[in-house]
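Asks: Residue numbers (our numbering): 143 to 654.
Glycine included, every Cβ here is placed at the ideal spot set by N, Cα and C.
(1) Can you grab the Cα-Cα spacing for the pair residue 353 / residue 569, in whole Å?
(2) Among the residues of its own chain, which have a CB less than 7 Å from the CB of residue 318, if the five just before and after it don't count?
(3) Spatial neighbours of residue 178 within its chain, please: C-beta separation below 6 Å, excluding the five flanking residues on both sides.
(4) Only counting the same chain, and skipping five residues up and downstream in sequence, which positions put a Cβ closer than 8 Å to that of residue 531?
(5) Name, in chain order, the residues that DSSP records as bridge partners for residue 256.
(6) What does the Cβ neighbour count give for residue 295, buried or exposed, with the cut at 16 atoms within 10 Å?
(7) Please name the residue in 369, 340, 234 whose C-alpha comes closest to that of residue 356.
(8) Taking 8 Å as the threshold, find out whether the region 549-558 comes into contact with the region 407-418 through three or more Cβ pairs.
(9) What's the call for residue 646, buried or exposed, on a 16-neighbour Cβ count within 10 Å?
(10) Skipping 5 residues on each side, what residues in its chain have a beta carbon closer than 7 Å to that of residue 312?
(11) Would you kindly report the start and end of the unbroken alpha helix (DSSP H) that includes residue 577?
(12) Which residues share a DSSP beta bridge with residue 313?
(13) Within 10 angstroms of its Cβ, does residue 650 collect 16 or more other Cβ (buried), or is it exposed?
(14) Nearest to residue 544 by alpha carbon, out of 580, 537, 463, 214?
(15) Could you give the first and the last residue of the continuous beta strand (DSSP E) run that contains residue 404?
(16) Can you give me the start and stop residues for the alpha helix (DSSP H) that residue 624 sits inside?
(17) Would you call the CB atoms of residue 457 and residue 154 closer than 9 Å?
(18) Three or more C-beta pairs closer than 8 Å, one from the region 263-277 and one from the region 232-252: is that the case here?
(19) By the DSSP assignment, the beta strand (DSSP E) with residue 166 in it spans what residues?
(20) Contact check, residue 578 vs residue 558 under 8 Å by CB: the rounded distance?
(21) What does a CB cutoff of less than 8 Å around residue 527 pick up in its chain, not counting 5 residues either side in sequence?
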C-alpha cells in the first residue's frame with residue numbers, strides 16, 4: 143500500500159523562560175562637564191549585540207545604555223546630561239540546546255537604581271531581564287491519501303494546522319536628517335534622544351516581506367539661553383527583508399525594537415545648529431507560518447485481508463481562531479503636591495504588558511497593564527524637568543469563534559497611538575490606543591502511519607454472513623473494520639440510509 147504524503151514543518155517549543163541579570167557599574171562624569179548638584183533622572187535601555195547557541199550553551203552579550211539628566215553645580219546652566227553605557231554578558235547551560243535550534247532572546251531593563259557617591263561619580267545598580275524561547279523545527283510526513291484508494295477503507299480527519307515556515311531575526315538602519323520646526327529655538331546642547339517604533343505594517347510577497355513603519359523621535363535640548371526645549375519628529379521607513387519559503391499565503395507575526403541609536407547635531411545653511419542627523423538600528427523578529435487545512439488518515443484497513451498499521455503519534459499545533467481588538471485607554475496622571483508645575487510634556491513612554499489571556503467559549507479575556515513614563519518640562523527654574531510614572535490596567539474580551547477553555551492563547555500588544563496633554567487643572571491627561579492580536583491554538587496529537595503489513599486471510603478463518611447486534615458507542619466504520627468488509631456493503635445489505643447506528647440494532651455482516 144503506497145501512501146500519498148504531505149510534508150508539514152512543526153515548530154515545537156523546547157524551553158522558555160526568563161533570566162535576571164544584574165548590571166552594575168560606576169559612572170564618572172566626563173572632565174568637560176560640570177559637577178553634579180542633583181540627579182533628575184536615570185533612564186536605561188538594554189540592547190543585545192550577539193546571541194550564539196552552541197552544543198548545550200547559550201552566550202549573549204549586550205549593553206545597557208544610560209541617559210543621566212542632572213542639575214549642574216553651575217549658575218548659568220540649568221541641566222546637563224551624560225550618555226554612557228555598561229556592557230553585560232550572560233551564559234546559560236542547557237542540555238536541550240543544540241546547533242540549529244531556533245532561539246528567540248530579548249532584553250529589557252526591569253530596574254535602574256543609582257547612588258550619588260560624590261559630585262562626579264554615580265553608582266548604578268540595574269536588572270536586565272533576558273526573555274528566551276528555544277524551539278525546534280521538525281518536518282513530518284503525514285499520510286493524506288493512498289494509491290488505489292478505492293480498494294481500501296480510510297478514516298480521515300481534517301484540522302487547521304499551524305505549519306512553520308521560518309523565523310527571521312534581523313536588523314536594518316534608518317537614517318534621516320531632522321530639522322527643527324521653523325520658529326523654534328536653535329540647539330545649544332542636545333541632552334538626549336528617545337526613539338520608538340510605531341505604526342508598523344507588513345506585506346508578504348514571494349520570498350520577501352515588505353515592512354513599513356515609523357520611528358518616533360523625541361529630542362530634548364537646551365537653547366543658547368540654557369532654556370530646556372524639545373521637538374518631536376517622525377521618520378517613515380520601508381524595508382524589504384528576505385523571507386525564504388514565504389509566499390502571499392504566509393502569515394507573519396513581527397516584533398520591532400530599537401537596537402542602537404547614534405546622532406550628531408549639524409548646522410543649517412544659515413550656520414545655525416538646527417539639524418540632528420540620526421542613525422537608528424531597528425531590530426525585527428519575524429515568525430512566519432501558514433494556516434494549512436490538513437486532511438490526514440487516522441486509521442485504515444484492507445477489506446478481505448489482514449492488515450496491521452504501524453503508527454507514530456506526533457503533536458501538531460492546530461489553529462482554532464484568530465481575533466483582534468483595539469482598546470482606548472484614558473488616564474489622568476496627577477503629580478504630587480510637592481512636584482513642580484508643568485509647562486510642557488516632552489515625551490511619554492508606554493510599555494504594554496499582557497499578564498493573562500484565558501480562553502472561554504467563543505471569547506478570549508486579555509488582562510494586563512501599560513507602564514507609562516511621562517517626562518515633562520517644568521515651569522520654574524529650580525527643576526528643569528520632572529518625571530511621573532503610572533500603570534494603566536486593561537481588561538478586554540475579544541471574539542474568537544471556536545475557542546474553548548484549555549486552548550493556548552498568544553497575544554501581541556502594541557501601543558499604536560499615544561497622546562498626552564495638560565488640562566486646565568494642570569494634570570497630565572493620557573490617551574492610548576492599544577492594539578491586541580490573538581492567535582488561539584491547541585496542541586493536537588495525531589497518528590502518523592509509518593508502515594502497513596498486509597496478508598491474505600486463511601481459508602479456515604473466513605466467515606459467512608454474520609448477525610451483529612450494535613452496542614453503545616459503535617459506529618459503522620469500526621464495525622466494518624472488525625469484520626474486514628466495506629462499510630458501504632454493510633449499509634447496502636441492511637438498507638441503511640445513514641451511518642448512524644442505534645443501540646441494539648441488528649446488522650447483517652456480508653462475507654469477506
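Replies: The short version:
(1) Rounded to the nearest angstrom, the gap between the Cα atoms of residue 353 and residue 569 is 38 Å.
(2) Within the same chain, residue 318 has close Cβ partners 377, 420.
(3) Counting only Cβ-Cβ distances below 6 Å, and skipping sequence neighbours, we find 212, 261.
(4) Closer than 8 Å at the Cβ level, and outside the excluded window around residue 531, lie 513, 514, 515, 516.
(5) The beta-bridge partner set that DSSP reports for residue 256 consists of 266.
(6) So residue 295 ends up on the buried side.
(7) For residue 356, the closest of 369, 340, 234 by C-alpha to C-alpha distance is 340.
(8) With a cut-off of 8 Å, the region 407-418 and the region 549-558 do not count as touching, because too few Cβ pairs lie within range.
(9) By the neighbour-count criterion, in which a residue is buried when 16 or more other Cβ atoms sit within 10 angstroms of its Cβ, residue 646 is exposed.
(10) Exclusion of the five residues before and after residue 312 leaves 383, 426 as the residues of its chain whose Cβ lies within less than 7 Å of its Cβ.
(11) Judged by DSSP secondary structure, residue 577 falls outside any alpha helix (DSSP H) and instead within the beta strand (DSSP E) spanning 570-598.
(12) For residue 313, which the question treats as bridged, DSSP gives the partners 425.
(13) Only exposed fits residue 650, as fewer than 16 other CB atoms lie within 10 angstroms of its CB.
(14) In this structure, 463 is the residue among 580, 537, 463, 214 with its C-alpha nearest to the C-alpha of residue 544.
(15) 393-409 is the extent of the beta strand (DSSP E) around residue 404.
(16) Looking at the DSSP string, the run of the alpha helix (DSSP H) that includes residue 624 is 618-624.
(17) Yes, the Cβ-Cβ distance between residue 457 and residue 154 is below 9 Å.
(18) The answer is yes - the region 232-252 touches the region 263-277, with three or more Cβ pairs under 8 Å.
(19) Note, residue 166: beta strand (DSSP E), 145-170.
(20) That belief does not hold up - the Cβ atoms of residue 578 and residue 558 are roughly 10 Å apart, past 8 Å.
(21) For residue 527, where only same-chain residues beyond five positions count, the Cβ hits under 8 Å are 182, 183, 211, 221, 362, 370, 488, 517, 518, 519, 520.
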